[in-house]
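Trainee: Quick one: this structure, given as structure tokens, is what I'll be asking you about.
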Amino acid sequence: MKEGFYNIIKGKFLVSDDALKNWRFIIFLSFLALVMIGSSHSADKKVHKISKLNAQVKELKSEYVDVRMLLMQARMESKIIAAMESRDLLPSGTPPKRIRIIEKKE
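The following block contains the structure:
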């Protein structure tokens, strides 16, 4: 047991007769480690992108609410009347009349 531990520490398993098998396994483990590191970096990038997009969504929602509020205020009758007074357009004093067109069937 002690001899096997010293062989591992000294690296004799890398230069012995059946070292090719050990090198293949080490290369395979190295490849898996690189794939895992790349995958974690990719996942981190996606998390940061999602966070950035969520912040943009919140900002756009608040902008939408502000613009909708301004639109609702601009559509109010009092605002329209005030805007048209500067152009010398005043609301009618007489109420509108309904015109009905009746088609006669022959």
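Heads up: the sequence shown begins at 2 in the numbering used here, then just goes up one per residue. Beta carbons are placed, not taken as given, at the ideal position from N, Cα and C, and that holds for glycine. Predicted, not measured: the structure shown is a model, and the values here were computed from it.
In chain order, what residues of the same chain lie with their CB nearer than 7 Å to the CB of Ile-82, ignoring the 5 residues before and after it?
Mentor: Only Pro-92 meet the Cβ criterion.
Trainee: From Ile-51 to Ala-34, what distance separates their C-alpha atoms?
Mentor: Distance between the alpha carbons of Ile-51 and Ala-34: 26 Å.
Trainee: Among the residues of its own chain, which have a CB less than 8 Å from the CB of Lys-11, if the five just before and after it don't count?
Mentor: Contacts found: none.
Trainee: Taking the C-alpha atoms as reference points, what is the distance between Asp-89 and Glu-60?
Mentor: Whole-angstrom Cα-Cα distance: 40 Å.
Trainee: Could you compute how far the alpha carbon of Arg-69 sits from the alpha carbon of Gln-57?
Mentor: Using only the alpha carbons, I get a separation of about 18 Å.
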